[in-house]
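One structure is given below, encoded as structure tokens.
Residue numbers (the working numbering): 1 to 893.
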């Protein structure tokens with residue numbers, strides 16, 4: 001059979017494990033058949049599991065492992081990947097890819113690891129090597145060679161010599177044959193770090209090794225054999241920093257997430273790994289305050305895991321020095337406190353500690369001890385200290401704060417934060433021990449009530465219990481005069497009240513309160529003094545994407561030092577109902593609130609207000625087309641005492657329009673809005689087209705407005721659900737799902753009855769049902785005609801043909817065909833993008849790019865390959881954001 005000959009040719013040309021594969025044309029020429037027949041047979045072989053299709057353009061195929069090939073090894077004991085924090089969580093998919101790459105017969109698959117700087121790429125590569133050895137894919141003692149491509153990026157000849165070696169006489173000074181890293185890595189794994197620093201000719205040097213397992217030493221004409229597992233790592237976008245011909249030789253591409261998007265449980269686990277390492281390094285147990293852990297969790301690093309590790313190392317070094325300077329015995333553990341962290345980390349925690357509820361529940365209130373061991377079981381809570389130790393520890397920490405050189409406002413905040421934790425730990429101990437006598441509680445209750453009367457405050461019962469526990473645990477430790485005065489400066493009113501009432505307390509307790517103890521009591525009361533009543537409002541952000549809402553909320557909370565903004569991220573595959581349930585749960589977690597200002601981006605989210613009100617019984621005010629400045633302003637105003645929902649909404653309007661009153665569409669006019677993904681091309685051209693295409697009797701009474709559904713820069717008539725009053729219809733490439741407002745797709749306008757349906761709606765009549773869709777060919781022709789009529793700055797016909805050509809290449813590379821609606825959107829969106837990029841080079845970032853790269857990387861690569869000839873022909877390159885917008889067209893109906 002013909003298919004059998006195709007399979008045999010495939011196994012000869014691209015055996016299992018081959019990195020580059022062969023095309024249908026190459027197979028057809030080898031077998032002597034037509035290309036379309038070879039393509040059909042190859043796709044059948046893929047469906048039967050006898051061949052594999054590699055991503056990229058043109059489509060390439062490799063043979064699957066034959067039935068007689070070595071079996072996949074069984075799961076290994078002591079799996080090296082188990083040591084990676086997040087192996088069962090955020091790194092789960094990456095670990096599965098890495099294992100598959102190492103196990104694939106006969107010698108694994110070349111793998112490219114991408115991710116931000118410091119995200120753990122080197123650790124993953126090392127784990128891959130250890131796993132390959134444990135699984136039997138590499139022999140024990142197989143070499144693991146690491147090469148940083150940046151070291152030789154500027155000198156291709158030296159790069160070739162380092163990688164492939166050189167022969168005697170290859171250059172001046174080459175006095176003997178010298179093997180390179182490839183020869184040293186033969187039979188093992190070669191890890192190329194910062195592979196994006198390789199120049200194009202440096203990347204091409206590796207083609208022969210990846211394709212056939214052979215290479216040439218510098219100065220030699222003969223090829224040499226090498227069996228090398230190749231793993232590369234890059235912190236850049238592979239599609240923009242590496243040759244396409246190089247990227248497609250990596251069948252496995254693994255993306256590692258940055259530290260800031262990993263779950264708080266994983267970040268804590270990483271911190272604990274590094275603390276265990278430092279305890280083992282210095283040979284002493286380290287007692288770590290929960291405030292240290294919370295501060296490290298709150299710190300947003302720019303260098304990811306690497307920077308976090310460096311911060312912990314420096315903190316441990318400062319704590320070790322303080323331990324040695326204090327002359328403590330060898331058996332005493334090292335105490336790591338907040339002041340040992342860098343000022344940047346301390347400030348980050350002070351700004352974010354009130355929004356760290358999840359982290360606080362995870363960390364708890366007790367110290368943790370990290371002992372010199374590699375075992376995770378060596379981390380434990382400090383449960384066996386006597387209660388008096390709490391006061392001794394507090395005394396030591398406050399002394400450190402006073403000596404840290406903090407600004408007065410920062411000193412006040414850090415001491416009050418520590419005292420808040422001190423109270424919580426006292427209450428935690430009380431729950432377990434119950435050691436406070438009724439007599440002591442009576443004395444302290446009277447004392448706190450009298451102080452409250454003087455300060456005109458009403459302290460809660462937890463303050464009475466905590467203060468009683470504090471007095472029961474007091475010792476003879478005291479501050480010197482300067483330190484006591486420094487504390488008094490933080491709470492003069494409270495100290496004056498305590499000082500006046502101290503004699504009665506001393507008499508009833510039968511003790512003498514030292515000056516430092518009085519200042520502690522005053523600061524304790526000041527730290528737990530009721531604050532001014534807040535507005536009772538909360539701000540919530542809901543946006544499409546894995547981290548869009550979280551990013552906006554984090555910026556607002558950090559800038560304002562608050563936790564009033566809550567984020568609900570909505571991945572593209574998540575349903576609206578699931579989002580409503582998650583948002584409702586977050587609202588219920590707020591406790592009693594007077595209302596929620598809900599800022600959303602687009603689509604069905606604009607109608608969530610009523611659904612959430614039904615779920616929670618809490619009033620909502622919805623603001624569509626969210627931006628980061630709008631979130632910041634909403635949070636700022638919502639914190640002000642006396643603010644209500646209407647006040648916050650008016651403030652947000654000013655951010656968008658510079659005016660308080662809701663914009664009004666010109667006297668009595670009804671509004672049609674046009675939409676597209678960026679709001680910069682299709683929507684505006686469509687608005688101009690509709691304005692001219694409307695029947696004459698409607699032109700004077702209707703306004704057509706283009707809207708950017710990404711950054712909210714153009715919002716007349718849409719603010720804060722104002723569309724309910726004037727919008728008659730939405731026309732465009734994306735449906736924002738405004739409740740009660742009909743949507744007419746662009747393709748229906750271009751090759752259907754869209755204009756008639758719009759006119760009927762504007763006249764108050766019921767719009768007809770959508771007519772049958774046009775064919776692909778009709779959609780393509782009418783879309784190109786629309787471009788010709790509406791593009792002025794460049795050749796519209798040429799732009800349309802370029803868009804159509806890119807579509808053909810994309811469909812051929814993936815073996816798929818878009819329907820007529822998507823064809824129209826592809827042609828028109830890409831045509832206007834070409835006009836924009838060729839005219840002024842303006843580009844727009846896509847908020848969904850990170851999500852798409854994580855979930856649809858192969859789709860982005862296929863689109864980028866399809867667009868590359870277009871950019872080359874027009875003299876520009878397509879930014880990754882433009883590629884992401886094209887992917888949304890393919891994925892969104």
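Cβ coordinates follow ideal geometry from the N, Cα and C atoms, glycine included. Bear in mind that the values here come from a model prediction, so they are computed numbers and not experimental data.
Which residues bound the beta strand (DSSP E) around residue 538?
First-last of the beta strand (DSSP E) with residue 538: 537 to 544.
Any idea what DSSP makes of residue 176, helix, strand or coil?
It is coil, neither helix nor strand.
Please classify residue 140 as buried or exposed, where buried requires at least 16 neighbouring CB atoms within 10 angstroms.
Burial call: exposed.
For residue 25, count the other beta carbons within 10 Å of its own beta carbon; 16 or more makes it buried, fewer makes it exposed. Which is it?
That one is exposed.
How many angstroms separate the CA atom of residue 756 from the CA atom of residue 729?
So the two alpha carbons sit approximately 13 Å from each other.
At the level of alpha carbons, what is the spacing between residue 290 and residue 566?
Answer to the nearest angstrom: the Cα atoms are 24 Å apart.
Quick one: give me the first and last residue of the beta strand (DSSP E) that residue 754 is part of.
Looking at the DSSP string, residue 754 is not in any beta strand (DSSP E); the run it does join, the alpha helix (DSSP H), is 754 to 762.
Judging by CA-CA distance, which residue of 676, 246, 190 is the nearest neighbour of residue 208?
Among 676, 246, 190, the Cα nearest to that of residue 208 is on 246.
What span of residues does the alpha helix (DSSP H) with residue 885 cover, start to end?
880 to 891 is the extent of the alpha helix (DSSP H) around residue 885.
Which residues mark the beginning and the end of the alpha helix (DSSP H) in which residue 99 is found?
Segment 92 to 103, the alpha helix (DSSP H) holding residue 99.
Over the uninterrupted beta strand (DSSP E) stretch that includes residue 628, give me the two end residues.
No beta strand (DSSP E) holds residue 628; the alpha helix (DSSP H) holding it covers 628 to 639.
Counting only the same chain and skipping the five closest in sequence on each side, list residues whose C-beta sits under 6 Å from that of residue 257.
Excluding residues within five positions, the ones whose Cβ falls inside 6 Å are 90.
Residue 313 and residue 272: beta carbons closer than 8 Å?
Cβ atoms of residue 313 and residue 272: not closer than 8 Å.
In three-state DSSP terms, what is residue 370?
Strand, per DSSP.
Please tell me whether residue 242 and residue 268 are closer than 8 Å, where the distance is taken between their beta carbons.
Cβ atoms of residue 242 and residue 268: not closer than 8 Å.
What does the alpha-carbon distance come out to for the pair residue 897 and residue 123?
The structure shown does not extend to residue 897, since the chain is modelled only from 1 through 893, so no value can be given for it.
Do you know how far the Cα of residue 596 is from the Cα of residue 621?
Each residue's Cα considered, the two are about 7 Å apart.
Please state the DSSP three-state secondary structure of residue 574.
Looking at residue 574 - three-state DSSP - the assignment turns out to be coil, as it is neither helix nor strand.
Going by alpha carbons, who is nearest to residue 53 out of 287, 210, 762, 248?
Measuring from the Cα of residue 53, the nearest candidate turns out to be 248.
Taking the alpha helix (DSSP H) that residue 316 belongs to, which residues open and close that run?
Counting along the chain, the alpha helix (DSSP H) containing residue 316 begins and ends at 304 to 325.
Does the beta-carbon distance from residue 79 to residue 129 come in below 8 Å?
No, the pair does not count as a contact, with Cβ atoms beyond the cut-off.
Can you tell me whether residue 126 is buried or exposed, with buried defined as 16 or more other CB within 10 angstroms of its CB?
Buried: at least 16 other Cβ atoms inside 10 Å.
Can residue 149 and residue 194 be called in contact, C-beta distance under 8 Å?
Cβ atoms of residue 149 and residue 194: closer than 8 Å.
What is the rounded straight-line gap between the Cα of residue 532 and the Cα of residue 452?
With a pLDDT of 44 at residue 532, under the threshold of 50, the modelled position of that residue is not reliable, and the figure given next carries that caveat. Approximately 15 Å between the Cα atoms of the pair.
Between the alpha carbons of residue 229 and residue 96, how many angstroms are there, rounded?
When rounded, the distance between both Cα atoms is 17 Å.
Can you list, in chain order, the residues of its chain whose CB lies under 6 Å from that of residue 316, leaving out five sequence neighbours each side?
So the qualifying residues of the chain are 278.
Is the segment 152 to 168 close to the segment 201 to 219, with three or more CB pairs under 8 Å?
A contact exists between the segment 152 to 168 and the segment 201 to 219.
On the CB-based measure, 16 or more other CB atoms within 10 Å of its CB, does residue 520 come out buried or exposed?
Burial call: buried.
For my contact list, residue 166 and residue 154 are in at a C-beta cut-off of 8 Å; report their separation, rounded to the angstrom.
Not a contact, Cβ separation roughly 18 Å.
Could you pull out every residue in the same chain whose Cβ sits closer than 6 Å to the Cβ of residue 615, ignoring the five residues on either side in sequence?
Excluding positions up to five away in sequence, the list reads 584.
CB residue 215 to CB residue 572, shorter than 8 Å?
Going by C-beta atoms, residue 215 is not nearer than 8 Å to residue 572.
Go through the segment 810 to 841 residue by residue and report every complete run of the alpha helix (DSSP H) that reaches 4 residues or more, in order.
820 to 839, all fully within the segment 810 to 841.
To which residues of the same chain is residue 857 closer than 8 Å at the C-beta, ignoring the five residues directly before and after it?
Hits under 8 Å: 253, 255.
Entirely within the segment 151 to 238 and at least 4 residues each: give me those alpha helix (DSSP H) ranges in chain order.
Correct list: 156 to 164, 181 to 184, 200 to 204, 207 to 212.
Assign residue 301 to one of three DSSP states: helix, strand, or coil.
In this structure, residue 301 counts as coil in the three-state DSSP scheme.
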